[in-house]
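If you're matching them up, the sequences are chains Y and W in order.
Using this note's numbering, you'd call the opening residue of the first sequence number 33 and step up by one each time.
Using this note's numbering, you'd call the opening residue of the second sequence number 33 and step up by one each time.
These notes are about the structure you will find just below.
Protein chains: 2
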Amino acid sequence: MSAQVVKVGICGLGTVGGGTFNVLARNAAEIAARAGAAIEVVHVGARRDNPACDTGSTRVSRDIFAVIDDPEVQILVELIGGTTVAKEVVEKALAAGKHVVTANKALIAEFGNELFAQAEQCGVTIRYEAAVAGGIPIIKALREGLAGNRIEWLAGIINGTGNFILSEMRDKGREFDDVLAEAQALGYAEADPTFDVEGIDAAHKLVILASLAFGMPLQFSAVYTEGITELTPQDVEYAEELGYRIKHLGIAKQTGGGIELRVHPTLIPEKRLLANVNGVKNAVLVEGDAVGPTLYYGAGAGAEPTASAVVADIVDLARELSAGQQCRVPALGFASEKLRDVRIVPMTEVVTPWYLRMVAEDRPGVLSRIATIFSDQGISIEALIQKAPAEGEDRVPLIVLTNRAVQGSMDQAVAAIEALDSISGEVARIRVEPLDG
Amino acid sequence: MSAQVVKVGICGLGTVGGGTFNVLARNAAEIAARAGAAIEVVHVGARRDNPACDTGSTRVSRDIFAVIDDPEVQILVELIGGTTVAKEVVEKALAAGKHVVTANKALIAEFGNELFAQAEQCGVTIRYEAAVAGGIPIIKALREGLAGNRIEWLAGIINGTGNFILSEMRDKGREFDDVLAEAQALGYAEADPTFDVEGIDAAHKLVILASLAFGMPLQFSAVYTEGITELTPQDVEYAEELGYRIKHLGIAKQTGGGIELRVHPTLIPEKRLLANVNGVKNAVLVEGDAVGPTLYYGAGAGAEPTASAVVADIVDLARELSAGQQCRVPALGFASEKLRDVRIVPMTEVVTPWYLRMVAEDRPGVLSRIATIFSDQGISIEALIQKAPAEGEDRVPLIVLTNRAVQGSMDQAVAAIEALDSISGEVARIRVEPLDG
Numbered sequence: 033m034s035a036q037v038v039k040v041g042i043c044g045l046g047t048v049g050g051g052t053f054n055v056l057a058r059n060a061a062e063i064a065a066r067a068g069a070a071i072e073v074v075h076v077g078a079r080r081d082n083p084a085c086d087t088g089s090t091r092v093s094r095d096i097f098a099v100i101d102d103p104e105v106q107i108l109v110e111l112i113g114g115t116t117v118a119k120e121v122v123e124k125a126l127a128a129g130k131h132v133v134t135a136n137k138a139l140i141a142e143f144g145n146e147l148f149a150q151a152e153q154c155g156v157t158i159r160y161e162a163a164v165a166g167g168i169p170i171i172k173a174l175r176e177g178l179a180g181n182r183i184e185w186l187a188g189i190i191n192g193t194g195n196f197i198l199s200e201m202r203d204k205g206r207e208f209d210d211v212l213a214e215a216q217a218l219g220y221a222e223a224d225p226t227f228d229v230e231g232i233d234a235a236h237k238l239v240i241l242a243s244l245a246f247g248m249p250l251q252f253s254a255v256y257t258e259g260i261t262e263l264t265p266q267d268v269e270y271a272e273e274l275g276y277r278i279k280h281l282g283i284a285k286q287t288g289g290g291i292e293l294r295v296h297p298t299l300i301p302e303k304r305l306l307a308n309v310n311g312v313k314n315a316v317l318v319e320g321d322a323v324g325p326t327l328y329y330g331a332g333a334g335a336e337p338t339a340s341a342v343v344a345d346i347v348d349l350a351r352e353l354s355a356g357q358q359c360r361v362p363a364l365g366f367a368s369e370k371l372r373d374v375r376i377v378p379m380t381e382v383v384t385p386w387y388l389r390m391v392a393e394d395r396p397g398v399l400s401r402i403a404t405i406f407s408d409q410g411i412s413i414e415a416l417i418q419k420a421p422a423e424g425e426d427r428v429p430l431i432v433l434t435n436r437a438v439q440g441s442m443d444q445a446v447a448a449i450e451a452l453d454s455i456s457g458e459v460a461r462i463r464v465e466p467l468d469g
Numbered sequence: 033m034s035a036q037v038v039k040v041g042i043c044g045l046g047t048v049g050g051g052t053f054n055v056l057a058r059n060a061a062e063i064a065a066r067a068g069a070a071i072e073v074v075h076v077g078a079r080r081d082n083p084a085c086d087t088g089s090t091r092v093s094r095d096i097f098a099v100i101d102d103p104e105v106q107i108l109v110e111l112i113g114g115t116t117v118a119k120e121v122v123e124k125a126l127a128a129g130k131h132v133v134t135a136n137k138a139l140i141a142e143f144g145n146e147l148f149a150q151a152e153q154c155g156v157t158i159r160y161e162a163a164v165a166g167g168i169p170i171i172k173a174l175r176e177g178l179a180g181n182r183i184e185w186l187a188g189i190i191n192g193t194g195n196f197i198l199s200e201m202r203d204k205g206r207e208f209d210d211v212l213a214e215a216q217a218l219g220y221a222e223a224d225p226t227f228d229v230e231g232i233d234a235a236h237k238l239v240i241l242a243s244l245a246f247g248m249p250l251q252f253s254a255v256y257t258e259g260i261t262e263l264t265p266q267d268v269e270y271a272e273e274l275g276y277r278i279k280h281l282g283i284a285k286q287t288g289g290g291i292e293l294r295v296h297p298t299l300i301p302e303k304r305l306l307a308n309v310n311g312v313k314n315a316v317l318v319e320g321d322a323v324g325p326t327l328y329y330g331a332g333a334g335a336e337p338t339a340s341a342v343v344a345d346i347v348d349l350a351r352e353l354s355a356g357q358q359c360r361v362p363a364l365g366f367a368s369e370k371l372r373d374v375r376i377v378p379m380t381e382v383v384t385p386w387y388l389r390m391v392a393e394d395r396p397g398v399l400s401r402i403a404t405i406f407s408d409q410g411i412s413i414e415a416l417i418q419k420a421p422a423e424g425e426d427r428v429p430l431i432v433l434t435n436r437a438v439q440g441s442m443d444q445a446v447a448a449i450e451a452l453d454s455i456s457g458e459v460a461r462i463r464v465e466p467l468d469g
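Here it is, written out as C-alpha cells:
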C-alpha cells in the first residue's frame, strides 16, 4: 500500500509554526523526494495570522481544535508551546488516532511518560526532535545512531540564551545583568528570563536526553538545577587563567550509585570543543562505551533551525505512513516495557573537582589554615591563585582549584573556611568537569 | 507479526568485525531493549580466528560464502573490506534476499549505484553508516535528521590519519615524512599510506556524503583529489600567523554551476570548531538552508567506534524486521527514481580565496610586480607577510592571502609570477575556505 500524499495539520503559527510552514513549502520538492510522498499541510490552527507565512489555499482555523477534528489530518504538529492547551491538543490528537510531532520540551519533560503511554495505546507515534537543541538531530543520534552503545554520560550546552550571556561575559568582561539586558533587547532572552538563566529550560532538555541515553522514564522533578545569575566576570577571568571556560551545562552521568542529573555552571578545559561553542549555539557531547566521545553542534533555537527538526520528524513518519507501516522506533529509544526506574544520585553524593573563590586577609598563616581545612576533608588542592592586594587593600581574592571531592566534604570544608576570621563573606564555588571520559 | 530474535551473519572478523561481534555480545541486553528484538550472531565467516573474540557456540565458517548460504541469516554484515570478495559477498547476499550492513566505503563509493539498484530489485536494504566517519552517525544525520533542508555545502575532516599528521605538524613543527613514519609505527597509517595521505580514502567518503546531501548518484571518479604530502611545517606556521589552520578537507558544495566535489589541504579560520578537531578524530560540518551550520564530531576509525555504527544499522533493520516491516529509508536518502545527475564543477571554475607561498629576491620593485600580476587577473590581496631575510640570504619567503578567485585566473597569475626573475622555484598554493555559509 502506498500513498502519494501525507497530510499534516499544524497547531500554532508563531515563530516555529511559521518556520515549519515555510520550510515545508519552500523545500517541498526535495522533501517529497526524500519522504517518498508529498507532505501537504492541509489545515493550520492559529489564533492569528503570521505575516511571514503565505497560507494561500491552506485551510486556516482560529479554533485550533478544528485541526484535530479534521479527518484528513494524519500527522498533527503541535507548536503552541506551554503545557496547558498544548497538552490538551496532543491528548486529543492521539485519541483521534493521529501521529504527533511537537517541539515542546516542557510538555515532553513533564508529561512525556503519560503521553507516550497514551500514544502506544492508540497505536500512533509522538516525535519531538525539535524539543532539544533545536535543529541538531541529537534525539535521533541517541535513539538510533548510538543504539549499539551503553551511554556513559552526556554533557550539553542546551540553552542558547545562557550561552550567549556567558560568551559575552567572557569576550568583553561584562557583568551578567548588563548582558542579560542586551540579550532581552536582541530577542535572545524573554522579558522574564527565569526559564533560561535559572536552568529550567536546560533541565527540561536534559531529562529528555537522559531518558533516551539510559532507558528510564522521564524524571523532570529529579533534576538538580542551578542558574548562572551569580556568576561574576571575575570568575570567568580566573577560570581562564586556570585554563578553563565556564559553561552552563546539562550533565547526565551513569555511575555506580545511579544516574546524576544536573544543570549548573561548570568549568571545562578550554581545549575541549564544547568550551569553544559560543554565542547562541548549542552542542551536546555524548560518551558511549563503544564509540567514545561524539559531539553534535548547531543552532539550538530560531524559526527555521527548529523547523528543520520538526520537518525531519514529519519525514520519518511520512516514510512509514506512505507505505502503510507503523513507526517502529520507541519514543524513548527503548521498548516501553524495558524502561527502568533508576536511582537519581543526590547532589551531596556527586563527586567533581571544584573551583572556589574567596576573599582573604593578606597575612601569613591564612593559606596554611585553608590548606589544613581541605586536608582534613581529604580534599587535595590542584591549583591556587592568590592575587596581589589592590592599593590600600588588605584583602585579596584567593582562587582554589581542587581535585575530585564529594559535595558533602566540600560543604564541610566551605563552612569551616567561611567561619575563619580571615575570610570575608561567602565562598563562591563552581563545579569542574574534565569531560575526558 | 513480531519476532523475538533477529539473526545476523558476520563476514570478516578482523578489527571491525571483531569489534562488532564484541559490542553485540557485551551490550546485548541494552541493544535488545532498544531494537525490540534480540540480535543474535548465528554465523561468522572468517579465514582465521580473532583472539579478541570469544565466538563460543557461534557457528564459524572458514568459507565466508557459507554465511550467505545459511538460511537462518537475515542480516549479512560485510566487514571484509576491499572491492573484490566483498563485492561478491554483498551481491550474493542481496540475491539471497538478505539485508546487508557494511562498513566498506570503497565498495559503496565505487559500486554503490549498482548495489543499491540490486537491493531495491531484491526488496532488501543496504546500510553503511560505518563507511563514513566511523562511529559518527553522519549518514543518518544527512539521510534523516536534516531531511527538511536543502543542503548548501558540507566540509569534513574524514581521514583520521591525515588529521593526525597535520595536528602533529602544527603542534610540534615536524616535517610530513617524520610524522608519517610515526603514524605508521603507531598503527594509524598503513605501510602503504597512499589511500590516506593522497586523499583517496577521503574521496570515497566525500562522494557518499555528497550523494546523500544533494540527491545524486555516486560519482567517485568525479572527485578532485589532492593529498597532503607537499605541505611543509612552514605552511602550517604561516597559516597560523594569518589566523588559520591547515586541514585536509573533503568539500561538497552546491553552486549555480553544479556540484563541487573536492578533497584538498585547506586553510580554515582558527576560530571554527572544525579547525580545533585534532589527532585522529573526524568531524563533518553541514550547512542546510533551514538549520544553518551543524557539526558532527567523533572517532573516525577503530574497532569499537566503527562497530558502533555497524550495530546502529543492525538495530535500525531489526526494529523493522522484528515487526515484519520493510526499511523505508532510501539508500541515498532520496527515492531512487528522484536521484538526478548533476554537473560536477571542473576545478578550473572553482572559486575560493588562496594562500600562496613563494621565495622572492629581497629588493625593491618585487612586491609591486607581484601586485600588478594579481591586479591584472582581477585578484585582490587580503594579506601579505614578507619575512626578514636570513643571515647572508638575499631571498625571503613571501606569503600572500588573496580574496576569492577562480582557479583559472590563479593559474595564470601563478604562471606569470613564476616567470619573474626575482622569484625562485614554484609558488606553493593552498585553497582557503572561510566556512561561513
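Glycine is no exception: its CB is placed at the ideal position from the N, C-alpha and C atoms.
This structure is a prediction, so every number in the text was calculated from the model and none was measured.
- Within 10 angstroms of the beta-carbon of Ala187 (chain Y) lie 16 or more other beta-carbons, which makes it buried.
- For Gly457 (chain Y), the enclosing beta strand (DSSP E) has its first and last residue at Ile455 to Val464.
- Assigned with DSSP and collapsed to three states, Thr116 (chain W) falls in coil, not helix or strand.
- For Asp321 (chain W), the closest Cβ of chain Y is nearer than 9 Å.
- Per DSSP, reduced to three states, the secondary structure at Gln251 (chain Y) is coil, with no helix or strand assignment.
- Taken in chain order, the whole alpha helix (DSSP H) runs of length 4 or more contained in the region 164-206 of chain Y are 192-204.
- Comparing C-alpha distances from Ala335 (chain W) to each of W:Gly155, W:Gly50, W:Ala125 and W:Phe97 shows the shortest one belongs to W:Gly50.
- Closer than 9 Å to the CB of Arg351 (chain W) there is at least one CB belonging to chain Y.
- Per DSSP, the beta bridge partners of Lys279 (chain Y) are Y:Thr298.
- Taken atom to atom, the span from the alpha-carbon of Leu467 (chain Y) to that of Ala344 (chain W) is near 24 Å.
- Contact between Ala331 (chain Y) and Gly167 (chain Y) holds: CB atoms are separated by about 5 Å, below the 8 Å threshold.
- Within the same chain, Gln216 come within 8 Å of Ala223 (chain W) by CB-CB distance, once the 5 residues on both sides are set aside.
- The continuous alpha helix (DSSP H) containing Val446 (chain Y) extends over residues Gln439 to Glu450.
- Per DSSP, reduced to three states, the secondary structure at Asn310 (chain Y) is coil, with no helix or strand assignment.
- It is roughly 31 Å from the alpha-carbon of Leu218 (chain Y) to the alpha-carbon of Tyr276 (chain W).
- In this chain, the beta strand (DSSP E) harbouring Lys39 (chain W) covers Val37 to Cys43.
- Residues of the same chain with a CB within less than 8 Å of the CB of Pro378 (chain W), apart from the 5 flanking positions on each side, do not exist.
- According to DSSP, His75 (chain W) shares a beta bridge with W:Gly41 and W:Arg91.
- Annotated as distal: Gly68 (chain Y) and Ser412 (chain Y), with beta-carbon spacing of 9 Å or more.
- Within chain W, the residues placing a beta-carbon under 7 Å from that of Tyr329 (chain Y) are Leu305, Thr326 and Leu327, ordered along the chain.
- Out of W:Glu152, W:Ile100 and W:Tyr220, the CA that lies nearest to the CA of Lys313 (chain W) is found in W:Tyr220.
- Rounded to the nearest whole angstrom, the C-alpha separation of Asp426 (chain W) and Asp228 (chain W) is 38 Å.
- Look at the beta carbons and you see the region 181-198 of chain Y touching the region 304-318 of chain Y: at least three pairs across the two are nearer than 8 Å.
- Setting aside the 5 residues that flank it on each side, Asn181 (chain W) is surrounded in the same chain by Gly320, Asp321, Ala322 and Val323, each with a C-beta closer than 7 Å to its C-beta; the list follows chain order.
- For Tyr270 (chain W), the enclosing alpha helix (DSSP H) begins and ends at Pro265 to Glu273.
- Looking at the backbone, the Cα of Ile462 (chain Y) and that of Ser441 (chain Y) are separated by about 15 Å.
- The alpha-carbon of Glu302 (chain W) is positioned some 43 Å away from that of Cys359 (chain Y).
- Annotation: Ala422 (chain Y) is outside any alpha helix (DSSP H) and is labelled neither H nor E by DSSP.
- Neighbours of Glu200 (chain Y) in chain W, taken as residues whose beta carbon is under 7 Å from its own, are absent, since the nearest beta carbon is some 16 Å off.
- Under a 10 Å Cβ-count criterion, Arg79 (chain W) is classified as exposed, with fewer than 16 other Cβ atoms of the shown protein chains found around its own Cβ.
- Taking CB atoms only, Asp348 (chain W) has a neighbour in chain Y less than 9 Å away.
- Ranked by Cα distance from Ala234 (chain Y), the options Y:Ile283, Y:Glu200 and Y:Phe143 are led by Y:Ile283.
- For the region 336-347 of chain W, the beta-carbon criterion of a distance under 7 Å to any beta-carbon of chain Y is satisfied by Glu336, Pro337, Ala339, Ser340, Val343, Ala344 and Val347.
- In terms of Cβ geometry, Asn195 (chain Y) and Lys137 (chain Y) do not form a close pair [threshold 9 Å].
- Assigned with DSSP and collapsed to three states, Glu258 (chain Y) falls in coil, not helix or strand.
- Interface with chain Y (9 Å Cβ-Cβ cutoff): Ala173 (chain W) is included.
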